[in-house]
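Visitor: Below you'll find the structure I mean.
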Amino acid sequence: MAASLRINHLSIMVRDLTRSADFYREVLRLPEIECKVGKPNIRWFGIGDDHSIHLIEGDFGATYVTMSTHLCIAVTDLDGTISHIAGTGTRYSDLARNEGKIHIRRDGVRSVYLQDPDGYWLEISDDY
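Reading the sequence shown from the start, the letters are residues 8 to 135 in my numbering.
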């Protein structure tokens with residue numbers, strides 16, 4: 008019998024831990040949770056049921072980031088979330104990078120795209 012699998016967390020390397028933590032907490036409204044590894048260069052944020060994002064400050068190196076490689080966060084209130092994001096001064100766009108526009112997939116799912124302080128792409132979707 009095969010083992011059951013599920014995604015537990017996503018770790019991303021960041022240049023400035025405080026700046027990135029502020030973005031994930033204030034713009035995305037993710038709750039900061041206990042970092043169980045106890046290292047000062049790592050902060051954890053909860054994302055849904057028992058999932059988390061780990062921000063690790065360190066040598067960012069030659070990381071190459073494209074829009075195709077992104078994290079999608081589904082929300083129950085896309086319009087309210089977009090309003091909050093815009094209120095923080097964070098720019099967002101549709102998939103074609105038309106600023107301030109919402110992307111609508113063929114199946115009707117709506118989403119916007121934005122970048123965190125290190126250029127990682129995030130999709131915020133109503134595919135909850």
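Don't be surprised by glycine CBs; every beta carbon is placed ideally from N, CA and C.
Give me the Cα-Cα distance between I19 and W128, rounded to the nearest whole angstrom.
Guide: Distance between the alpha carbons of I19 and W128 is about 12 Å.
Visitor: How is the beta strand (DSSP E) around I80 delimited, first residue to last?
Guide: 77-81
Visitor: Indicate whether the contact test is met: 3 or more Cβ pairs, each with one atom in the region 113-121 and one in the region 94-104, closer than 8 Å.
Guide: yes
Visitor: Among I40, E64, K46, which one has its Cα closest to the Cα of H58?
Guide: I40
Visitor: So does the region 9-26 actually touch the region 47-62, counting three or more Cβ pairs closer than 8 Å?
Guide: yes
Visitor: Between I60 and L37, which are expected to be in contact by the criterion C-beta below 8 Å, what is the C-beta distance as a whole number of angstroms?
Guide: 7 Å
Visitor: The alpha helix (DSSP H) that contains R26, what's its start and end?
Guide: 24-29
Visitor: Taking all protein chains shown into account, decide if Y71 is buried (16 or more other Cβ within 10 angstroms of its Cβ) or exposed.
Guide: exposed
Visitor: Work out the CA separation of G65 and K43 for me, nearest whole Å.
Guide: 18 Å
Visitor: Quick one: is S27 buried, meaning 16 or more other Cβ sit within 10 Å of its Cβ, or exposed?
Guide: Taking all protein chains shown into account, S27 has 16 or more neighbouring C-beta atoms within 10 Å of its C-beta and is therefore buried.
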